[in-house]
Structures are given as C-alpha cells and as structure tokens.
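Structure first, commentary second.
Numbering (my numbering), first residue to last: 8 to 260.
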C-alpha cells in the first residue's frame with residue numbers, strides 16, 4: 008500500500024472540518040483549520056501564560072517516559088516469573104483480573120489521597136494504566152514458548168536461569184514488545200488525562216484545560232493534535248523495532 012493512500016482520510020477530515028467551521032461560523036464552537044494550525048507556526052511562544060506548546064509537550068513526554076520505565080521495571084520481570092511458574096500465576100491471577108478492568112482515572116481520588124498533588128500522583132496514574140497490558144502480554148508470551156525448545160535446553164543441561172535468559176526471554180520478546188507498544192499508548196493517554204487534574208501546572212493536558220478556560224478553542228485543538236502527532240511518532244518507533252528485530256516471529260508461525 009502506498010504511503011499517500013493513508014493520507015486520503017485525514018485530508019477528507021480536514022476538508023469536512025473547514026466546511027463545518029465555515030457553516031457554524033463560531034470560533035468558540037469550532038475554529039477554522041488555519042486558526043488552529045497557526046499555533047504550530049510559533050511552537051515556542053507562550054500561550055496565555057501557560058508555557059509554549061513545545062515546553063508542555065516535553066514535560067508530558069518526560070512524565071510518560073518516567074512512568075513507562077518504572078512500569079517496565081516492574082511488569083516485565085514479574086510477567087516472566089508468572090508466565091514461567093504456573094503456581095505463581097494461579098496465586099496472583101485473581102487479583103490481576105479484579106484490578107485489570109479498572110480505568111486509570113478511577114484511581115485518581117486514591118492517587119491524590121496517597122501522593123498528594125504533584126508528580127508522584129501523575130506517575131502513579133501512568134503506572135496503573137499501562138502495567139496490565141505489559142504484564143499480561145509478557146505472561147502470555149512466556150507461556151507460548153515452545154516446550155520443545157525448553158526441553159532441548161534441558162538436554163544440554165542448561166540451568167534454570169540459562170533457560171530463562173537464553174530461551175524463554177528471547178522467544179517471548181515479540182509478545183513482550185507488543186505489550187510495551189500497547190502499554191505506552193495507554194500511558195500516553197493516562198498522562199494527558201492526569202495533567203487535567205486540579206493543581207497541575209504543566210503538560211499538554213494542563214495546556215488544553217487552561218486555554219479552554221480562556222475560550223481559546225483553537226489552542227485546545229492544537230494541543231489535541233500535538234498529542235496525536237507524538238502518539239503516532241512513538242507508535243511508529245515501536246512498529247519499526249518490531250519489524251526489524253522480531254520479523255522472525257511471522258516466519259516461525
């Protein structure tokens with residue numbers, strides 16, 4: 008499929024947006040396309056005292072990266088253990104299944120009560136949002152490793168840590184990476200939502216709420232577009248690594 012084929016629907020969306028804005032003729036409801044895009048021509052300009060588009064984007068990226076790294080440190084090793092040892096999975100599965108469906112934003116009151124207003128509460132929302140996709144995909148990836156590979160390693164008298172590091176983890180890596188990709192997407196949504204909470208003074212979520220209170224809908228939409236662009240860039244990175252490093256998975260099926 009040609010790359011420009013993917014641009015047809017976004018282009019039609021922009022045309023429909025412009026037509027709708029002209030018909031509505033109210034910038035507080037729906038601004039014109041150019042009025043929104045012009046915000047990107049001055050990305051370093053201060054927006055009504057809440058910082059620039061670039062500054063707030065970098066703050067959000069820093070927050071989500073920190074929370075994502077913390078989550079990976081917790082979820083990947085834990086998922087490998089639960090996937091490898093059935094008794095541990097059985098012991099923890101009930102709790103995981105109870106907590107997994109709870110939306111990240113449902114944890115906001117407890118987050119504020121436990122950590123107060125600030126970075127810690129935001130990071131908690133990020134971690135709680137993306138930990139389960141990573142954990143579940145890691146468990147599933149480990150459980151799907153072919154038993155014949157493990158048995159072959161045992162024949163060559165490989166120890167348990169060697170089986171884990173040389174057989175199980177490499178074989179489960181594609182599933183783990185898929186979990187990371189999904190987890191990062193949820194982490195990105197979680198950080199933006201968390202930045203809309205009272206007491207937050209930076210980030211794209213804050214920028215959207217702050218400029219909305221000033222009636223600057225074009226800046227609200229510009230912030231939303233920035234969120235989408237950053238999300239696309241990061242997802243493309245995950246897809247690129249998956250194709251380059253884990254292309255063998257498709258051949259193995």
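Think of the CB as a built atom: it goes at the ideal place given N, C-alpha and C, for glycine as much as any other residue. Bear in mind the structure is a predicted one, so any value in this text is a computation, not a measurement.
Residue i in three-state terms, based on DSSP
| i | result |
| --- | --- |
| residue 37 | coil |
| residue 220 | helix |
| residue 4 | One cannot answer for residue 4 here, as it falls past the ends of the chain, which runs 8 to 260. |
| residue 163 | coil |
| residue 173 | helix |
| residue 251 | helix |
| residue 9 | coil |
| residue 153 | coil |
| residue 49 | coil |
| residue 108 | coil |
| residue 123 | coil |
Contact belief for residue i with residue j at Cβ below 8 Å, rounded distance in angstroms
| i | j | result |
| --- | --- | --- |
| residue 149 | residue 80 | Wrong, their Cβ atoms sit about 17 Å apart, outside the cutoff. |
| residue 55 | residue 217 | 7 Å |
Residue interval of the alpha helix (DSSP H) (run including residue i)
| i | result |
| --- | --- |
| residue 144 | 126–150 |
| residue 114 | Here residue 114 belongs to no alpha helix (DSSP H), and DSSP marks it neither H nor E. |
| residue 177 | 176–201 |
| residue 2 | Because residue 2 is not part of the residues shown, which for the chain are 8 to 260, the question remains open. |
| residue 204 | No alpha helix (DSSP H) contains residue 204, which DSSP labels as neither H nor E. |
| residue 19 | 15–31 |
Test item: CB-CB of residue i and residue j under 9 Å
| i | j | result |
| --- | --- | --- |
| residue 77 | residue 141 | no |
| residue 191 | residue 71 | yes |
| residue 145 | residue 120 | no |
| residue 63 | residue 238 | no |
| residue 143 | residue 128 | no |
| residue 227 | residue 236 | no |
| residue 211 | residue 124 | no |
| residue 165 | residue 173 | yes |
| residue 197 | residue 137 | yes |
| residue 34 | residue 189 | no |
| residue 176 | residue 160 | no |
| residue 234 | residue 99 | no |
| residue 139 | residue 107 | yes |
| residue 193 | residue 47 | no |
| residue 103 | residue 118 | no |
| residue 130 | residue 73 | yes |
| residue 40 | residue 52 | no |
| residue 24 | residue 14 | no |
Proximity test, Cβ basis, 9 Å: residue i and chain B
| i | result |
| --- | --- |
| residue 53 | Annotation note: the requested chain B is absent from the structure, which comprises a single protein chain. |
Near the ligand MN: residue i beta-carbon under 8 Å from a heavy atom
| i | result |
| --- | --- |
| residue 168 | The model depicted lacks the ligand MN and carries no ligand whatsoever. |
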